[in-house]
Amino acid sequence: VLNDISNQKKEEKKEVEEEDKVELSKNAQFRAIKPSPSILSFVEDNLLGRRRDVELRRAGYNTELSAPLDDIPFSSSSERERIEESVFRNKMEFFAAAKVSSSFPPPGLPEIAFAGRSNVGKSSLLNALTRQWGVVRTSDKPGLTQTINFFKLGTKLCLVDLPGYGFAYAKEEVKEAWEELVKEYVSTRIGLKRVCLLIDTKWGMKPRDHELIHLMERYQTKYQIVLTKTDMVFPLDVARRAMQIEEALKEHRSVVQPLMMVSSKSGAGIRSLRTALVKIARFVKP
Numbered sequence: 002v003l004n005d006i007s008n009q010k011k012e013e014k015k016e017v018e019e020e021d022k023v024e025l026s027k028n029a030q031f032r033a034i035k036p037s038p039s040i041l042s043f044v045e046d047n048l049l050g051r052r053r054d055v056e057l058r059r060a061g062y063n064t065e066l067s068a069p070l071d072d073i074p075f076s077s078s079s080e081r082e083r084i085e086e087s088v089f090r091n092k093m094e095f096f097a098a099a100k101v102s103s104s105f106p107p108p109g110l111p112e113i114a115f116a117g118r119s120n121v122g123k124s125s126l127l128n129a130l131t132r133q134w135g136v137v138r139t140s141d142k143p144g145l146t147q148t149i150n151f152f153k154l155g156t157k158l159c160l161v162d163l164p165g166y167g168f169a170y171a172k173e174e175v176k177e178a179w180e181e182l183v184k185e186y187v188s189t190r191i192g193l194k195r196v197c198l199l200i201d202t203k204w205g206m207k208p209r210d211h212e213l214i215h216l217m218e219r220y221q222t223k224y225q226i227v228l229t230k231t232d233m234v235f236p237l238d239v240a241r242r243a244m245q246i247e248e249a250l251k252e253h254r255s256v257v258q259p260l261m262m263v264s265s266k267s268g269a270g271i272r273s274l275r276t277a278l279v280k281i282a283r284f285v286k287p
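Just so you know, the numbering used here puts 228 at position 227 of the sequence shown, and the rest follows in order with no gaps.
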């Protein structure tokens, strides 16, 4: 018996060592990525990645404000400049939630959906885009959003918060129900103009992200990759992650360029994302 236990421990140790090796080689591959000059300059120009306050102040941003980079640099006002894209100045109003597809509201306004793994920052991004913090509930506890939630921006646009997938602690049948609901919405919804697929910059794409991408490619649903939480990693790693994903998706037909990079916390990239999304709003000329 003791021999068996000892052998089992050896086997377990060997498995852990093998997993560590795989992880290390993935890490080494990631470090070897050489981002293109255009990605590197975009990261620098937008102050993406982990930055010190002194760097933001030097670039003309007021670090007393929350999300200081969602502003116009060297502004003479101590207040934040108003949102340039008028569509996003509309009050964001919750108007429907659906646990089953029969509860989807009738399609009306053009819809932009926000999808991604649990805790990738969907709710925080919706609040940051509209500067209406608190309208969409956020939590450190993954899996908080369990329904598809619809929010109107005036009479121009509908923003849709999809339940996060890959949430480890949900009951299996609950998890499957959420994922089926998301799949049904993404593949059949009339009025869905784009899915913003949020990817945590630190972790990159996971198998569930690839599954959703495969589904959207199959149904020709337009989607755009948005790297989130860029303030948690170094600027060079933001650029590496962007390059890695662009390479992985270069043959895909339904992906919308460019890949976007944001931080809801620092405000980096938020203005660029608004500009990209505003073209979808009703009656807004490109």
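Glycine included, every Cβ here is placed at the ideal spot set by N, Cα and C.
**Q.** The beta strand (DSSP E) enclosing ILE226, as first and last residue numbers
**A.** Locating residue 226 in the sequence shown gives position 225, where the first residue counts as 1. 224-229 is the span of the beta strand (DSSP E), which, as asked, contains ILE226.
Q) Nearest to ARG83 by alpha carbon, out of PHE75, ASP71 and GLU94? A) Position 82 of the sequence shown, counted from the start, is the residue given in the question as residue 83. The alpha carbon of ARG83 has as its nearest neighbour, out of PHE75, ASP71 and GLU94, the alpha carbon of ASP71.
(Q) Suppose you measure from the CA of PRO143 to the CA of ILE191; what does that come to, to the nearest Å? (A) Walking along the sequence shown from the start, residue 143 turns up at place 142. Walking along the sequence shown from the start, residue 191 turns up at place 190. Confidence at PRO143 is low in this model, with a pLDDT of 48, below 50, so its placement is unreliable and the value that follows should be read with caution. Between PRO143 and ILE191, the C-alpha separation is close to 29 Å.
Q. Helix, strand or coil for GLY144 per DSSP?
A. For the purposes of this step, residue 144 is identified with residue 143 of the sequence shown, where counting begins at 1. With a pLDDT of 47 at GLY144, under the threshold of 50, the predicted position of this residue should be treated as unreliable, though the coordinate-derived value follows. Note: GLY144 maps to coil in three-state DSSP.
Q: Could you tell me the distance, in whole angstroms, from the CA atom of PHE152 to the CA atom of ARG90?
A: Sequence index remark: in the sequence shown, residue 152 carries index 151 (1-based). Sequence index remark: in the sequence shown, residue 90 carries index 89 (1-based). Distance between the alpha carbons of PHE152 and ARG90: 14 Å.
(Q) Output needed for ARG81: all residues of its chain with C-beta closer than 7 Å, excluding positions within five of it in sequence on either side, in chain order. (A) In the sequence shown, counting from the first residue as 1, residue 81 sits at position 80. Closer than 7 Å at Cβ, skipping near neighbours: LEU66 and ASP72.
**Q.** Pair within 8 Å by beta-carbon distance, MET261 and ALA277
**A.** Residue mapping note: residue 261 aligns to position 260 of the sequence shown, counting from 1. Residue mapping note: residue 277 aligns to position 276 of the sequence shown, counting from 1. In contact: MET261 and ALA277 (Cβ atoms closer than 8 Å).
Q) To the nearest angstrom, how far is it from the Cα of LYS280 to the Cα of ARG195? A) Mapped onto the sequence shown, residue 280 falls at position 279. Mapped onto the sequence shown, residue 195 falls at position 194. Looking at the two C-alpha atoms, the distance is approximately 11 Å.
**Q.** Residues near ALA99 in its chain [Cβ-Cβ closer than 7 Å; skip 5 each side]
**A.** Residue numbering aside, residue 99 sits at position 98 when the sequence shown is read from its first letter. Only PHE105, THR148 and ILE149 meet the Cβ criterion.
Q) What is the DSSP secondary structure of VAL161, counted as helix, strand or coil? A) Here residue 161 refers to the residue found at position 160 of the sequence shown. Strand, per DSSP.
**Q.** Segment contact flag, the region 218-233 with the region 258-273, C-beta cutoff 8 Å, min 3 pairs
**A.** The region 218-233, when compared against the region 258-273, does touch it at the 8 Å Cβ threshold.
**Q.** PHE115 vs LEU193 beta-carbon contact at 8 Å
**A.** Within the sequence shown, residue 115 is the residue found at index 114, counting from 1. Within the sequence shown, residue 193 is the residue found at index 192, counting from 1. No, the Cβ-Cβ distance between PHE115 and LEU193 is not below 8 Å.
Q: Name, in chain order, the residues that DSSP records as bridge partners for PHE151.
A: Here residue 151 refers to the residue found at position 150 when the sequence shown is read from its first residue. Partner(s): ALA97 and VAL161.
Q) Quick one: Cα of GLY117 to Cα of LEU250, how far? A) Position 116 of the sequence shown holds residue 117. Position 249 of the sequence shown holds residue 250. Approximately 16 Å, taken between the alpha carbons.
(Q) Once the 5 residues before and after LEU57 are set aside, which same chain residues still bring their CB inside 8 Å of it? (A) Counting from one through the sequence shown, the residue named residue 57 turns up at place 56. Closer than 8 Å at the Cβ level, and outside the excluded window around LEU57, lie LEU48, THR64, PRO69, LEU70 and SER267.
Q) According to DSSP, is GLU85 helix, strand or coil? A) Along the sequence shown, read from residue 1 onward, the residue named residue 85 stands at position 84. For GLU85, the secondary structure class from DSSP, reduced to helix, strand or coil, is coil.
Q. Does DSSP put ILE271 in a helix, a strand or coil?
A. Translated into the one-based positions of the sequence shown, residue 271 becomes position 270. In the three-state reduction of the DSSP assignment, ILE271 falls in the helix class.
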